[in-house]
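Heads up: the sequence lines are chains A and B, in that order. Sequential numbering from 1 applies to the first sequence in my numbering. Sequential numbering from 1001 applies to the second sequence in my numbering. A virtual CB, placed ideally from N, CA and C, is assigned to each residue, including glycine.
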Amino acid sequence: GQQLNQSPQSMFIQEGEDVSMNCTSSSIFNTWLWYKQDPGEGPVLLIALYKAGELTSNGRLTAQFGITRKDSFLNISASIPSDVGIYFCAGPRGGSEKLVFGKGTKLTVNP
Amino acid sequence: NAGVMQNPRHLVRRRGQEARLRCSPMKGHSHVYWYRQLPEEGLKFMVYLQKENIIDESGMPKERFSAEFPKEGPSILRIQQVVRGDSAAYFCASSPWGGHQGEQFFGPGTRLTVL
């Protein structure tokens, strides 16, 4: 079935640094979603991408929908302590309503 | 505008008891989804419902698990005769549309612990 592979699994960075993480699949996705999950909370939608090649920003966050439709990237610029959390990529499986999630990238920001 | 609401936030049950998890979607949203998350894992789809209809339950275990979304009131995920392996965080999401747009908005989750 469709699986999403996220890398890296975890990142430890200094405040102010830029961050880049990615998500790949062996299958095509028509939508890519990026969520952030804080401890003890539900995922919060950060960015939604609908078109191959699309580059979308939300404040310090920028995400891209890969041209092959098999990957997506999330960049965070000038990280701050509140960026700490787990970032998940997700997409609807095979034209259905079911979202498939990656295993997440855990981000730690040292002040 | 209130977001997706789930209760209880934490639920402790002994093996063999029943667990009932409730979800109220965002106002105006008629599509509800349930997901399960184990520690250090991503979310796994369980079931998709619209009002009074189960649309897709392909991620639900065949036994002990059921879900409903009645005409009035919240969606309920029910787990009968819970076992330790049911311990997980259960998230509800809602969306205002179908049609494979994908955007789903999540509640804070219910953390189920089975003793």
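Proximity to residue i [Cα-Cα], best of the options
{"i": "B:Q1080", "options": "B:P1074, B:E1103, B:L1049, B:V1114", "result": "B:V1114"}
{"i": "B:A1093", "options": "B:G1016, B:S1087, B:K1027", "result": "B:K1027"}
{"i": "A:A48", "options": "A:G42, A:D38, A:E41, A:N30", "result": "A:N30"}
{"i": "A:L74", "options": "A:E15, A:T68, A:G104", "result": "A:G104"}
{"i": "A:Y50", "options": "A:P111, A:I86, A:P8, A:I28", "result": "A:I28"}
{"i": "B:F1091", "options": "B:G1016, B:E1057, B:G1107", "result": "B:G1107"}
{"i": "B:N1007", "options": "B:R1015, B:G1016, B:R1014, B:R1022", "result": "B:R1022"}
{"i": "B:V1012", "options": "B:R1084, B:L1038, B:G1102", "result": "B:R1084"}
{"i": "A:L107", "options": "A:L33, A:D38, A:T24", "result": "A:D38"}
{"i": "B:P1096", "options": "B:P1070, B:R1064, B:S1087, B:Y1033", "result": "B:Y1033"}
{"i": "A:Q14", "options": "A:L61, A:P81, A:A90", "result": "A:P81"}
{"i": "B:S1118", "options": "B:R1020, B:H1010, B:V1004, B:H1031", "result": "Because chain B is modelled from 1001 through 1115, residue 1118 of chain B falls outside the range shown and cannot be assessed."}
{"i": "B:A1002", "options": "B:I1055, B:R1111, B:F1105", "result": "B:F1105"}
{"i": "B:I1055", "options": "B:M1005, B:S1030, B:V1082", "result": "B:S1030"}
{"i": "B:G1102", "options": "B:E1063, B:F1045, B:M1005, B:R1009", "result": "B:F1045"}
Straight-line gap, residue i to residue j (C-alpha atoms, nearest Å)
{"i": "A:M21", "j": "A:S10", "result": "10 Å"}
{"i": "A:S96", "j": "B:E1040", "result": "25 Å"}
{"i": "A:V44", "j": "B:E1018", "result": "29 Å"}
{"i": "B:A1089", "j": "A:V100", "result": "16 Å"}
{"i": "A:G59", "j": "B:G1042", "result": "25 Å"}
{"i": "B:S1087", "j": "A:G40", "result": "15 Å"}
{"i": "A:A63", "j": "A:G102", "result": "16 Å"}
{"i": "A:C23", "j": "A:L61", "result": "15 Å"}
{"i": "B:P1074", "j": "B:S1024", "result": "5 Å"}
{"i": "B:N1053", "j": "B:R1036", "result": "20 Å"}
{"i": "B:F1069", "j": "B:Q1050", "result": "7 Å"}
{"i": "A:F65", "j": "B:R1014", "result": "45 Å"}
{"i": "A:P92", "j": "A:S79", "result": "29 Å"}
{"i": "A:F12", "j": "A:L55", "result": "25 Å"}
{"i": "A:F110", "j": "A:G16", "result": "A quick correction: the sequence has Asn, not Phe, at residue 110 of chain A. Between A:N110 and A:G16, the C-alpha separation is close to 9 Å."}
{"i": "A:I76", "j": "B:E1063", "result": "43 Å"}
Neighbour-count burial assignment, residue i, 16 or more Cβ in a 10 Å radius
{"i": "B:E1072", "result": "exposed"}
{"i": "A:S26", "result": "exposed"}
{"i": "A:G53", "result": "exposed"}
{"i": "A:D18", "result": "exposed"}
{"i": "A:I86", "result": "buried"}
{"i": "B:R1078", "result": "exposed"}
{"i": "B:G1016", "result": "exposed"}
{"i": "A:G42", "result": "buried"}
{"i": "B:T1110", "result": "buried"}
{"i": "B:L1038", "result": "exposed"}
Residues sharing a beta bridge with residue i, DSSP
{"i": "B:Q1006", "result": "B:C1023"}
{"i": "A:Y35", "result": "A:L45, A:F88"}
{"i": "B:S1095", "result": "B:H1031"}
{"i": "B:R1036", "result": "B:K1044, B:Y1090"}
{"i": "B:R1015", "result": "Answer by DSSP bridge pairing: none, since B:R1015 is not bridged."}
{"i": "B:N1053", "result": "B:Q1050"}
{"i": "A:Q9", "result": "Paired residue(s): none; A:Q9 is not in a bridge."}
{"i": "A:V19", "result": "A:I76"}
{"i": "A:K106", "result": "A:S10, A:I86"}
{"i": "A:T62", "result": "A:S57, A:N75"}
{"i": "A:T68", "result": "In DSSP, A:T68 forms no bridge with anything."}
Anticipated Cβ contact below 8 Å, residue i with residue j, distance rounded
{"i": "A:K98", "j": "B:G1059", "result": "7 Å"}
{"i": "A:C89", "j": "A:Q6", "result": "6 Å"}
Heavy atom of the ligand HEM within 8 Å of residue i beta-carbon
{"i": "A:Y50", "result": "Within the structure as shown, the ligand HEM is missing, as the structure has no ligands at all."}
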